[in-house]
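Enquirer: Next up is a structure, given as structure tokens.
Number of protein chains: 2
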Amino acid sequence: MSDSRASRHDNRTEAIMRAALDLALELGYAKLSIEAVATRAGVGKHTVYRRWSSRGLLFLDAVLSLNTEGLSHPNTGDVVADLRETMTRAVKLLARPPWGPLYQALIGEAQHDPEVAAALNRRFIEPQTADTLARLKAAKEQGELAPDFDLDLAFDVLSGPLYYRLLITQQPITHDYIDRVLQAVFAGMSPRPKTSY
Amino acid sequence: MSDSRASRHDNRTEAIMRAALDLALELGYAKLSIEAVATRAGVGKHTVYRRWSSRGLLFLDAVLSLNTEGLSHPNTGDVVADLRETMTRAVKLLARPPWGPLYQALIGEAQHDPEVAAALNRRFIEPQTADTLARLKAAKEQGELAPDFDLDLAFDVLSGPLYYRLLITQQPITHDYIDRVLQAVFAGMSPRPKTSY
DNA sequence: ACGACACGGCACGGGCCGTGCCGTCGGTAG
DNA sequence: CTACCGACGGCACGGCCCGTGCCGTGTCGT
């Protein structure tokens with residue numbers, strides 16, 4: 001076949017990413033070396049460097065290759081229920097290995113490497129945001145949300161607390177926690193509908 | 001004096017932390033080496049290792065030494081205004097160097113080093129949370145907040161979006177953004193006070 | 001004056017970096 | 001069938017930094 005060349009190429013690429021994920025889980029991302037990845041994958045270091053210019057970008061590809069399809073939003077007509085469903089699914093992935101520690105390490109790396117941060121946003125955060133935004137927009141058009149509902153802020157306010165728990169306090173994210181966030185955001189936290197604010 | 005010994009000790013400690021901060025700002029935390037810090041501080045490597053067991057813990061001490069007093073909450077009687085004041089002050093610190101990049105790098109390191117994560121929580125996050133909690137509790141007792149106001153969640157919901165912007169999308173955090181978060185949390189985002197939720 | 005101690009300077013083995021070079025192997029073109 | 005070519009694995013290199021040992025020095029408490 002004419003693509004056996006490409007096929008061989010892809011096989012190595014996958015082997016390298018798999019080795020990177022294995023080692024990241026065994027040693028932690030901090031102790032992950034390209035040298036070890038190459039050895040584990042049965043590959044020369046050049047073969048790694050030919051594909052990725054930095055450890056961070058390799059790790060990004062590796063983590064995102066664990067594809068998370070199934071994070072798209074259902075539309076049952078009840079926007080809050082749909083959001084809870086999506087958030088629950090996301091949290092189930094993050095709750096335990098392999099995704100949790102890997103995603104956490106990836107965001108950690110993004111704080112040190114602007115290239116990783118940019119790529120993570122473009123390839124993962126933005127699509128996910130757009131998806132949520134579309135679902136919220138539909139809800140607004142169907143009168144489920146107020147006309148002045150702050151669409152652009154919604155994703156931040158919903159995800160922010162989850163990321164805060166994952167990255168800062170590093171407490172477990174439970175179903176109850178998701179419910180309370182939804183409660184706070186959609187029912188409001190103030191006793192007075194019209195605060196002095 | 002009897003503490004000239006301790007004084008000398010402290011001088012070196014400060015010099016090392018200052019050197020670490022300088023280098024972190026010049027090169028970025030990722031390229032920060034203990035060897036370079038020691039040289040810049042005019043100090044032997046032992047003197048660094050005698051005080052800190054890892055680069056992360058040194059960096060944590062260095063960043064937290066830029067003391068952020070003035071993050072305590074005022075109490076003017078209007079809890080939302082007080083929160084906005086505190087959040088604005090915090091964001092002013094984070095908005096631009098040196099705090100912004102340094103704090104971002106510190107949280108990044110915390111994702112790779114559990115010791116740093118634990119210390120960061122104990123020494124910075126928890127006191128700040130307790131402070132906010134106390135202000136909210138006072139507000140609740142004075143009837144400014146509903147009796148069933150979710151105190152424990154409040155800090156997460158208020159800070160979460162800010163951290164999300166700082167760490168994930170890495171967009172600037174403006175005054176307008178703070179206002180919108182407060183609006184969302186305290187006035188609620190839903191058009192219907194009693195959602196099906 | 002003496003002893004204790006933290007210190008700066010130096011050197012070491014070791015790990016990993018990123019990069020060259022070389023011989024091989026598979027697929028392609030003529 | 002053969003000649004070419006690109007990607008490859010293996011190896012070696014200089015360089016940086018790690019964490020640690022040793023040695024001579026200066027400064028303090030006794």
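Listed in order, the protein sequences are those of chains L and C. If you're matching positions, the first sequence starts at 1 in full-length UniProt numbering and goes up one per residue. If you're matching positions, the second sequence starts at 1 in full-length UniProt numbering and goes up one per residue. Even for Gly, the Cβ is constructed at its ideal location relative to N, Cα and C.
Quick check: what's the CA-CA separation for Lys-31(C) versus Gly-108(C)?
Expert: Stepping through the second sequence from its first residue, residue 31(C) is reached at position 31. Stepping through the second sequence from its first residue, residue 108(C) is reached at position 108. Each residue's alpha carbon lies about 14 Å from the other.
Enquirer: Using alpha carbons as the reference points, say which of Thr-86(C), Leu-167(C) and Ser-159(C) lies closest to His-112(L).
Expert: To locate residue 112(L), count along the first sequence from 1; it is residue 112. Of Thr-86(C), Leu-167(C) and Ser-159(C), the residue nearest in Cα terms is Leu-167(C).
Enquirer: Select from the stretch 156–169 of chain C all residues with a C-beta closer than 8 Å to any C-beta belonging to chain L, and list them in chain order.
Expert: So the close ones are Asp-156, Val-157, Ser-159, Gly-160, Pro-161, Leu-162, Tyr-163, Tyr-164, Arg-165, Leu-167, Ile-168 and Thr-169.
Enquirer: Using a cut-off of 7 Å between C-beta atoms, extract the partners of Gln-111(L) located in chain C.
Expert: On the first sequence, position 111 is the one that residue 111(L) refers to. Correct list: Gln-104, Ala-105, Ile-107, Gly-108 and Leu-167.
Enquirer: Output needed for Ala-184(L): all residues of its chain with C-beta closer than 8 Å, excluding positions within five of it in sequence on either side, in chain order.
Expert: Counting from 1 along the first sequence, the entry for residue 184(L) is found at position 184. So no residue of the chain qualifies.
Enquirer: Can you list, in chain order, the residues of its chain whose CB lies under 6 Å from that of Val-91(C), leaving out five sequence neighbours each side?
Expert: In the second sequence, residue 91(C) corresponds to position 91, counting from 1. These residues qualify, in order along the chain: Ile-173.
Enquirer: Just reading off the alpha helix (DSSP H) that Thr-149(L) is part of, what are its end residues?
Expert: To locate residue 149(L), count along the first sequence from 1; it is residue 149. This sequence places Phe at residue 149(L); Thr is not what is there. Premise fails: Phe-149(L) is in no alpha helix (DSSP H) and is neither H nor E.
Enquirer: Hey, quick one: how far does the alpha helix (DSSP H) through residue 198(L) stretch, first residue to last?
Expert: Here chain L covers residues 1 to 197 and nothing more, so residue 198(L) does not appear.
Enquirer: For the alpha helix (DSSP H) that Trp-99(C) lies in, which residues bound it at each end?
Expert: Stepping through the second sequence from its first residue, residue 99(C) is reached at position 99. Where Trp-99(C) is concerned, the enclosing alpha helix (DSSP H) stretches over 99–112.
Enquirer: Judging by CA-CA distance, which residue of Leu-93(C), Arg-84(C) and Ile-178(C) is the nearest neighbour of Asn-75(C)?
Expert: The residue given as residue 75(C) occupies position 75 in the second sequence. Selected option, being the one with the closest Cα: Arg-84(C).
Enquirer: Out of Arg-165(C), Tyr-49(C) and Trp-99(C), point me to the one whose CA is closest to Leu-64(C)'s CA.
Expert: As a working note, residue 64(C) is residue 64 in the second sequence. Per the Cα distances, Trp-99(C).
Enquirer: Is the shortest distance between the beta-carbon of Ser-196(L) and the beta-carbons of chain C less than 8 Å?
Expert: On the first sequence, position 196 is the one that residue 196(L) refers to. With a pLDDT of 41 at Ser-196(L), under the threshold of 50, the modelled position of this residue cannot be trusted, and the question is left open.
Enquirer: Taking just the CA atoms, how far does Phe-186(C) sit from Val-181(L)?
Expert: In the first sequence, residue 181(L) corresponds to position 181, counting from 1. In the second sequence, residue 186(C) corresponds to position 186, counting from 1. Answer to the nearest angstrom: the Cα atoms are 13 Å apart.
Enquirer: Buried or exposed: Glu-14(C), going by 16 or more other Cβ atoms within 10 Å of its Cβ?
Expert: For the purposes of this step, residue 14(C) is taken as residue 14 along the second sequence, with counting starting at 1. Its Cβ having fewer than 16 others within 10 Å, Glu-14(C) is exposed.
Enquirer: When Cβ atoms are compared, which residues of the UniProt domain "HTH tetR-type" (10–70) of chain L fall closer than 8 Å to chain C?
Expert: Result list: Gly-28, Tyr-29 and Ala-30.
Enquirer: In the DSSP assignment, find the alpha helix (DSSP H) that holds Leu-58(C) and state where it starts and stops.
Expert: Working through the second sequence from its first residue, we reach residue 58(C) at position 58. That run of the alpha helix (DSSP H) goes 55–65.
Enquirer: What is the DSSP secondary structure of Thr-76(L), counted as helix, strand or coil?
Expert: Stepping through the first sequence from its first residue, residue 76(L) is reached at position 76. Reduced to three states, the DSSP call for Thr-76(L) is coil.
Enquirer: Applying the 10 Å Cβ sphere with the 16-neighbour rule, what's the burial state of Gly-77(L)?
Expert: For this step, residue 77(L) is matched to residue 77 along the first sequence. Counting Cβ neighbours within 10 Å, Gly-77(L) comes out exposed, since fewer than 16 surround it.
Enquirer: Spell out a yes or no on whether the stretch 25–40 of chain L and the stretch 48–57 of chain L are touching, meaning 3 or more CB-CB pairs, one atom from each, closer than 8 Å.
Expert: Enough Cβ pairs lie closer than 8 Å, so yes.
Enquirer: Report buried or exposed for Ala-20(L), applying the criterion of at least 16 other Cβ atoms within 10 angstroms of its Cβ.
Expert: Here residue 20(L) is taken as the residue at index 20 of the first sequence, counted from 1. Buried, since its Cβ has 16 or more Cβ neighbours within 10 Å.
Enquirer: Against chain L, with Cβ distances strictly below 8 Å, would Leu-133(C) count as a contact?
Expert: By one-based count along the second sequence, residue 133(C) stands at place 133. No, Leu-133(C) does not count as interfacial toward chain L.
Enquirer: Under 8 Å between C-beta atoms, does Val-91(C) make it to chain L?
Expert: Numbered from its first residue, the second sequence carries residue 91(C) at position 91. No, no contact with chain L.
Enquirer: Count the CB pairs spanning the stretch 153–161 of chain C and the stretch 122–134 of chain C that are closer than 8 Å, and state whether there are at least three.
Expert: A contact exists between the stretch 153–161 of chain C and the stretch 122–134 of chain C.
Enquirer: Among Arg-55(C), Thr-68(C) and Ala-110(C), which residue has its Cα nearest to the Cα of Leu-94(C)?
Expert: Numbered from 1 along the second sequence, position 94 holds the residue referred to as residue 94(C). The option with the nearest alpha carbon to Leu-94(C) is Thr-68(C).
Enquirer: To which residues of the same chain is Ala-117(L) closer than 7 Å at the C-beta, ignoring the five residues directly before and after it?
Expert: What you label residue 117(L) is simply residue 117 of the first sequence in a count that begins at 1. If we look at Ala-117(L) and ignore the five residues flanking it on each side, its Cβ neighbours are Ala-110.
Enquirer: Chain C beta carbons: is any one of them nearer than 8 Å to that of Arg-180(L)?
Expert: Your numbering for residue 180(L) matches position 180 in the first sequence. It does; some Cβ of chain C falls within 8 Å.
Enquirer: So, is the C-beta of Ile-125(C) closer than 8 Å to a C-beta in chain L?
Expert: Position 125 of the second sequence holds residue 125(C). For Ile-125(C), the answer is yes, since a Cβ of chain L falls inside 8 Å of its Cβ.
Enquirer: Please tell me whether Ala-119(C) has its Cβ less than 8 Å away from any Cβ of chain L.
Expert: Here residue 119(C) is taken as the residue at index 119 of the second sequence, counted from 1. False, the Cβ-Cβ gap to chain L never drops below 8 Å.
Enquirer: Look up Arg-84(C) in the DSSP assignment and say whether it is helix, strand or coil.
Expert: To locate residue 84(C), count along the second sequence from 1; it is residue 84. Arg-84(C): helix per DSSP, three-state reduction.
Enquirer: For chain L, is any of its Cβ atoms less than 8 Å away from the one on Ile-173(C)?
Expert: Against the second sequence, residue 173(C) aligns to sequence position 173. Not one chain L Cβ lies under 8 Å of Ile-173(C).
Enquirer: Rounding to the nearest angstrom, what Cα-Cα distance links Asp-148(L) and Gly-160(L) in this structure?
Expert: On the first sequence, residue 148(L) is found 148 positions in, with the first residue counted as 1. On the first sequence, residue 160(L) is found 160 positions in, with the first residue counted as 1. Approximately 21 Å, taken between the alpha carbons.
Enquirer: Once DSSP output is grouped into helix, strand and coil, what is the label at Gln-128(L)?
Expert: As a working mapping, residue 128(L) is identified with position 128 in the first sequence. If DSSP states are grouped into helix, strand and coil, Gln-128(L) belongs with the helices.
Enquirer: Beta carbon of Gly-44(L), beta carbon of Glu-115(L): below 8 Å?
Expert: Position 44 of the first sequence holds residue 44(L). Position 115 of the first sequence holds residue 115(L). Contact flag unset, no.
Enquirer: Could you tell me which chain L residues have their CB closer than 9 Å to the CB of Asp-150(C), listed as they occur along the chain?
Expert: Walking along the second sequence from the start, residue 150(C) turns up at place 150. Correct list: Arg-180, Gln-183, Ala-184 and Met-189.
Enquirer: Does any residue of chain C have a CB that is nearer than 8 Å to the CB of Met-1(L)?
Expert: By 1-based counting over the first sequence, the position of residue 1(L) is 1. Here the model assigns Met-1(L) a pLDDT of 46, short of 50, so the residue's position is not dependable, and the following value carries that caveat. Judged by the 8 Å Cβ criterion, Met-1(L) is not in contact with chain C.
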